[in-house]
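Peer 1: Here the sequence shown stands for residues 1 to 443, numbered as in UniProt numbering. From the three backbone atoms N, C-alpha and C, an ideal C-beta is built for every residue, glycine too. Pasting a structure here, questions to come.
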Amino acid sequence: MRIHCKVVVIAVCFGVFLLLYFLGGNAADDPLLREVAEQEEKKKEEESNSSRRSHSDFGRDVAEKFAKKSRVEEPLQGRKERKAINRGVNAKSKPRNIVGRPLTKRKRVEDVMHLAVVACGNRLDETLTMVKSALLFSLKRIMFHIFAEDPLAPQFEKRLNQWPHSISSKFQYRIYPITFSVGNADEWKKLFKPCAAQRLFLPVILKDVDSLLYVDTDVLFLRPMDDIWSFLKSFNSTQLAAMAPEHEVPKIGWYSRFARHPFYGVTGVNSGVMLMNLTRIRSTLFKNSMIPSGLSWEDILHPLYQKYKNHITWGDQDLLNIIFHYNPECLFIFPCQWNYRPDHCMYGSNCKGAEKEGVSILHGNRGVYHDDKQPAFKVVYDAICDFPFEDNMFQSLFYPIQTKFLDTVNTLCGRIPQVFLKQIEKTMRKAFDEKVVRHVRHN
Numbered sequence: 001m002r003i004h005c006k007v008v009v010i011a012v013c014f015g016v017f018l019l020l021y022f023l024g025g026n027a028a029d030d031p032l033l034r035e036v037a038e039q040e041e042k043k044k045e046e047e048s049n050s051s052r053r054s055h056s057d058f059g060r061d062v063a064e065k066f067a068k069k070s071r072v073e074e075p076l077q078g079r080k081e082r083k084a085i086n087r088g089v090n091a092k093s094k095p096r097n098i099v100g101r102p103l104t105k106r107k108r109v110e111d112v113m114h115l116a117v118v119a120c121g122n123r124l125d126e127t128l129t130m131v132k133s134a135l136l137f138s139l140k141r142i143m144f145h146i147f148a149e150d151p152l153a154p155q156f157e158k159r160l161n162q163w164p165h166s167i168s169s170k171f172q173y174r175i176y177p178i179t180f181s182v183g184n185a186d187e188w189k190k191l192f193k194p195c196a197a198q199r200l201f202l203p204v205i206l207k208d209v210d211s212l213l214y215v216d217t218d219v220l221f222l223r224p225m226d227d228i229w230s231f232l233k234s235f236n237s238t239q240l241a242a243m244a245p246e247h248e249v250p251k252i253g254w255y256s257r258f259a260r261h262p263f264y265g266v267t268g269v270n271s272g273v274m275l276m277n278l279t280r281i282r283s284t285l286f287k288n289s290m291i292p293s294g295l296s297w298e299d300i301l302h303p304l305y306q307k308y309k310n311h312i313t314w315g316d317q318d319l320l321n322i323i324f325h326y327n328p329e330c331l332f333i334f335p336c337q338w339n340y341r342p343d344h345c346m347y348g349s350n351c352k353g354a355e356k357e358g359v360s361i362l363h364g365n366r367g368v369y370h371d372d373k374q375p376a377f378k379v380v381y382d383a384i385c386d387f388p389f390e391d392n393m394f395q396s397l398f399y400p401i402q403t404k405f406l407d408t409v410n411t412l413c414g415r416i417p418q419v420f421l422k423q424i425e426k427t428m429r430k431a432f433d434e435k436v437v438r439h440v441r442h443n
């Protein structure tokens with residue numbers, strides 16, 4: 001009986017289990033219940049999607065706001081920068097950093113000095129000695145503009161590229177062919193000395209150069225080129241070029257005695273050393289005797305030559321004297337020691353500035369570097385020409401000049417050795433102090 005009861009209880013429980021199982025499965029398949037379940041699932045999915053969209057929309061809205069703000073502020077910032085630049089140009093207010101960068105670049109460009117020379121014929125060694133003298137003493141970098149005949153161009157390039165790095169790092173150079181923009185090129189080339197008239201066309205050719213020092217090939221620097229370059233700051237608002245007088249004493253000056261054409265001042269000017277503000281020259285209309293209105297530099301050269309070609313002796317220098325005779329306000333005159341020539345000592349010492357300060361720039365015209373007519377000039381030229389780069393200047397340059405000068409004391413120019421030696425000794429002592437003494441003190 002007990003066993004029967006247990007079997008009945010087990011059967012009843014199994015039946016209940018089967019009944020519940022079948023009821024639960026049908027309920028899951030019921031459409032009504034399935035729809036309710038699907039609606040609840042869709043609701044959950046929509047809530048999660050809406051939350052995602054809200055976050056992304058918020059980010060997009062923020063990005064759009066910042067984009068609009070940047071588009072609005074960009075022109076305002078541009079206007080502010082332009083105002084800052086204008087204030088920097090006026091140099092009244094303190095420039096901003098954005099203005100400082102261009103000004104720094106401009107300063108670096110101005111630190112480069114420009115020097116032009118014209119070489120034809122057998123002037124290679126003479127020109128290289130001039131270049132060497134400029135580099136020995138100058139402080140700023142120099143850009144050399146060398147105008148040379150075609151056969152000389154590769155020789156210049158070869159010789160300049162052989163100089164040591166300590167010297168070549170102080171300069172750059174560019175070689176130009178001989179060209180004349182107006183008139184007959186052959187006629188210009190033969191004016192006075194071969195190719196000398198090229199200097200008249202420098203403002204036209206070197207259009208990207210603001211200021212320039214032109215020197216003849218027979219010029220030697222006995223002090224830094226920086227010093228004559230600083231004369232540019234002494235120009236007034238109308239001055240655009242600087243030269244030294246042709247002579248100090250009118251009674252023995254060439255122009256005052258023999259010229260058959262107009263010339264500057266009382267004794268005329270010498271164009272062997274000529275400092276120029278090319279920008280002003282290009283923008284100036286020059287008064288003249290040919291037409292009532294002024295003519296530009298390029299337009300005045302050829303008609304001026306045609307008018308006076310039968311009356312001029314010194315070629316391009318005479319044309320410059322005629323131009324500045326009619327435009328004296330355009331010329332700055334620097335002292336005779338900046339263009340010291342045999343004329344200043346062969347008739348007696350007549351350059352007071354050189355007697356007081358010494359020669360700053362030696363101009364060996366009349367071919368005195370290559371003959372024995374004025375050995376004082378030749379002594380200086382030979383010493384600089386033979387000086388080995390990087391040697392001690394006192395031992396290998398100054399002392400040889402000083403020693404050899406003893407052989408010239410009986411000549412017209414050699415009897416005033418202090419004129420030739422004073423400035424170059426001062427220049428060497430200053431260079432020695434800067435390179436050696438300060439270095440030792442610093443260490």
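(1) Mapping DSSP to helix, strand and coil, what is Y308?
(2) For V273 versus V219, is the C-beta distance shorter than 8 Å?
(3) When burial is assigned at 16 or more other CB atoms within 10 Å of the CB, is P224 buried or exposed?
(4) Where does Q155 sit, in a helix, a strand or coil, going by DSSP?
(5) Assess contact between the segment 145 to 153 and the segment 190 to 209, defined as three or more Cβ pairs (one per stretch) separated by less than 8 Å. Is contact present?
(6) Let me make sure I understand the geometry here. Which of H114, S271, R199, F286 has the alpha-carbon closest to that of L212?
(7) Identify every residue that forms a DSSP beta bridge with S211.
(8) Across the segment 174 to 190 and the segment 254 to 272, are there enough close Cβ pairs to call them in contact, namely three or more that are closer than 8 Å?
(9) How long is the line joining the alpha carbons of P375 and P342, rounded to whole angstroms?
(10) Comparing alpha-carbon positions, which option in E355, M346, W229 lies nearest A116?
(11) Helix, strand or coil: which one does DSSP assign to V266?
(12) Roughly how many angstroms separate the alpha carbons of I300 and V131, rounded to a whole number?
(13) Under the rule that 16 or more other beta-carbon atoms within 10 Å means buried, what is M428, buried or exposed?
(14) Taking 8 Å as the threshold, find out whether the segment 398 to 407 comes into contact with the segment 364 to 381 through three or more Cβ pairs.
(15) With a threshold of 16 other CB atoms inside 10 Å of the CB of P388, please say whether the residue is buried or exposed.
(16) If you draw a straight line from the alpha carbon of R159 to that of Y214, how long is it in whole angstroms?
(17) Report the residue ranges of all alpha helix (DSSP H) runs contained in full by the segment 111 to 176; include only those spanning at least 4 residues, in chain order.
(18) Count the other CB atoms within 10 Å of the CB of R82; is the residue buried (16 or more) or exposed (fewer)?
(19) Excluding the five sequence neighbours on either side, which residues of its own chain have a C-beta within less than 6 Å of the C-beta of N97, listed in chain order?
Peer 2: According to the structure data:
(1) What you label residue 308 is simply residue 308 of the sequence shown in a count that begins at 1. In this structure, Y308 counts as helix in the three-state DSSP scheme.
(2) Here residue 273 refers to the residue found at position 273 when the sequence shown is read from its first residue. Here residue 219 refers to the residue found at position 219 when the sequence shown is read from its first residue. Yes, these two residues count as a Cβ contact at 8 Å.
(3) Reading the sequence shown from its first residue, position 224 is the one you call residue 224. Burial state of P224 is buried, judged by a 10 Å Cβ sphere holding 16 or more other Cβ atoms.
(4) Position 155 of the sequence shown, counting from 1, holds the residue named residue 155. DSSP, reduced to helix, strand and coil, places Q155 within a helical segment of the structure shown.
(5) The count of Cβ pairs closer than 8 Å, one atom from the segment 145 to 153 and one from the segment 190 to 209, reaches three, so the stretches are in contact.
(6) Taking the first residue of the sequence shown as position 1, residue 212 is located at position 212. Of H114, S271, R199, F286, the residue nearest in Cα terms is H114.
(7) What you label residue 211 is simply residue 211 of the sequence shown in a count that begins at 1. Beta-bridge partners assigned by DSSP to S211: N277.
(8) When C-beta atoms of the segment 174 to 190 are compared with those of the segment 254 to 272, fewer than three pairs fall below 8 Å, so the two segments do not count as touching.
(9) In the sequence shown, counting from the first residue as 1, residue 375 sits at position 375. In the sequence shown, counting from the first residue as 1, residue 342 sits at position 342. If I take the Cα positions, the gap works out to 10 Å.
(10) For the purposes of this step, residue 116 is taken as residue 116 along the sequence shown, with counting starting at 1. The shortest C-alpha separation from A116 is found at W229.
(11) One-based indexing of the sequence shown puts residue 266 at position 266. In this structure, V266 counts as coil in the three-state DSSP scheme.
(12) Numbered from 1 along the sequence shown, position 300 holds the residue referred to as residue 300. Numbered from 1 along the sequence shown, position 131 holds the residue referred to as residue 131. Each residue's CA atom was taken as its position, placing I300 and V131 some 31 Å apart.
(13) Position 428 of the sequence shown, counted from the first residue, corresponds to residue 428. With a 10 Å radius around the Cβ and a threshold of 16 neighbouring Cβ atoms, M428 comes out buried.
(14) Three or more beta-carbon pairs drawn from the segment 398 to 407 and the segment 364 to 381 are found closer than 8 Å, and the two stretches are therefore classed as touching.
(15) The sequence position of residue 388 within the sequence shown is 388, counting from 1. Classification for P388: exposed.
(16) Looking up residue 159 in the sequence shown gives position 159. Looking up residue 214 in the sequence shown gives position 214. Spanning the two alpha carbons is a distance of roughly 21 Å.
(17) DSSP runs (the alpha helix (DSSP H)) wholly in the segment 111 to 176: 124 to 137, 153 to 161, 165 to 168.
(18) Locating residue 82 in the sequence shown gives position 82, counting from the first residue. Confidence at R82 is low in this model, with a pLDDT of 44, below 50, so the placement of that residue should be treated as unreliable; the coordinate-derived value is given next. Exposed: under 16 other Cβ atoms inside 10 Å.
(19) The count along the sequence shown starts at 1 and reaches residue 97 at position 97. A caution first: N97 carries a pLDDT of 34, below 50, which makes its placement in the model too unreliable to give a value.
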